[in-house]
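Heads up, the thing below is written out as structure tokens.
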Amino acid sequence: MTSSAPKKPAGRGSVRLPRGAGARAPQVLLALEHLYPDARTELEFSTPFELLVATVLSAQATDVSVNAATPALFEQYPDAQAMSQASAEDIEPFIRRIGLYRGKARNLAALARLMIERHGGEVPNDFEDVVALPGAGRKTANVVLSNAYGYPAIAVDTHVGRLARRLGLSTQTNPDKVELDLQKLFPRERWIFLHHALILHGRRVCMARNPQCAVCEMAAFCPKVGVEG
Ligand code: SF4
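Every letter in the sequence shown is one number past the one before it in my numbering, and letter 35, counting from 1, is 20.
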């Protein structure tokens, strides 16, 4: 098994950061550190395998719905070896309340088999190897590698992308390019924290609809790009 840190998105250096982003980034980081000093993933897991499965399940679903389903799922299938024996139909009843569960059940069954075939049942610690697993994309790889193995990474989901644009840290809509902008603006050792803290702020204050700018600690310096009113 090879080992490498997450790969950078293609096109590095081709994107201009928004005006003032460099000065704003430290203010954002300071505010987030004040607001969410213990920011971490809200997915519940106890092994890299559980984290990988929970992250695959969390695509277009809430962490709450995933956390409600995974205890029984992990009891039945505690590792890749156990899950590799299951069919998608075996897995479906455990995740039926999670969005897109049929496709996710298919991916989990295939993912576990591939982990056995290629990685001895272990979650790979190489970015390209994780991305190659069924149901896992760049975001999943970043989440798994950062939370399970401590690699510096900024997974860009819908919250992180939205906040990056509103806060004037990126003008990009492509998550890979947002990731690139954030990597330029923040110290590497704070990337994992930044990912979690932006998600928390996106859930609690800067929601997609009706962001709470009136009570937001970042209102004084946030350009509120795209926010109406
Ligand atoms: S000021 Fe408004 S737009 Fe800016 S981060 Fe806060 S809630 Fe979001």
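Quick reminder that beta carbons are idealized off the backbone N, C-alpha and C, glycines included. What you are looking at is a predicted structure, and each value in this text was computed from that prediction instead of being measured.
DSSP three-state assignment for residue i, whether helix, strand or coil
i	result
Leu154	coil
Gly122	coil
Glu27	coil
Tyr21	coil
Pro3	coil
Gly187	helix
Gly146	helix
Gln168	helix
Ile177	helix
Thr40	helix
Thr55	helix
Tyr136	coil
Phe206	coil
Asp161	helix
Ala(-5)	For Ala(-5), the predicted model reports a pLDDT of 43, less than 50, meaning its position is unreliable; a value from the coordinates is still stated below. Correct three-state label for Ala(-5): coil.
Chain-order list of residues whose beta-carbon lies under 8 Å from that of residue i (same chain, five-residue window excluded)
i	result
Pro78	none
Arg150	Thr156, Gln157, Thr158, Val163, Val210 and Gly211
Gln197	Val190 and Cys191
Val129	Pro33, Leu36, Leu37, Thr40, Val108, Val115 and Ala121
Ala6	Gly153, Leu154, Ser155, Asp166 and Leu170
Of the listed residues the options, nearest to residue i (C-alpha basis)
i	options	result
Ala65	Asp48, Gly84 and Pro109	Pro109
Leu96	Arg4, Val115, Glu174 and Arg87	Val115
Ala73	Arg91, Asp111 and Leu36	Arg91
Leu85	Thr47, Phe30, Tyr134 and Ala138	Thr47
Ile139	Ala133, Arg175 and Gly153	Arg175
His119	Pro137, Tyr134, Ser131 and Arg98	In the sequence under discussion, the amino acid at residue 119 is Pro, which differs from the His named in the question. Among Pro137, Tyr134, Ser131 and Arg98, the Cα nearest to that of Pro119 belongs to Arg98.
Gly146	Ala133, Tyr136 and Asp166	Asp166
Pro56	Arg87, Leu2, Leu20 and Ser31	Ser31
Lys124	Pro160, Lys89, Arg81 and Gly135	Pro160
Gln45	Cys201, Tyr134 and His144	His144
Tyr136	Asp142, Arg173 and Pro3	Arg173
Contacting residues, own chain, Cβ-Cβ under 7 Å from residue i (five flanking each side not counted)
i	result
Val51	Leu28, Ala39, Leu42, Ser43 and Ile83
Ala24	Phe178, His181, Ala182 and Leu185
Asp71	It is worth fixing the name first, because residue 71 is Ala in this sequence and not Asp. So the list reads Tyr62 and Ala94, once near-sequence residues are dropped.
Phe206	Arg9 and Gln12
Ile102	Note that residue 102 is Glu in the sequence shown here, rather than Ile. Taken in chain order, the list of residues that qualify is empty.
Own chain residues within Cβ distance below 6 Å of residue i, not counting five before or after
i	result
Gly(-2)	Its pLDDT being 44, under 50, Gly(-2) is placed unreliably in this model, and the coordinates cannot settle the point.
Met100	Ala65 and Gly106
Leu17	Ala182
Ala126	Phe112, Val115 and Val116
Met203	Ala16
Test: residue i CB closer than 8 Å to a CB of chain C
i	result
Ala39	Absence of chain C from the displayed structure is noted, only one protein chain being present.
The ligand GTP heavy atom lying under 7 Å from the CB of residue i
i	result
Gln197	This structure lacks the ligand GTP; the ligands present are the ligand SF4.
Task: Inside the segment 74 to 115 only - alpha helix (DSSP H) runs reaching at least 4 residues - done: Fully enclosed alpha helix (DSSP H) runs of 4 or longer: 86 to 104.
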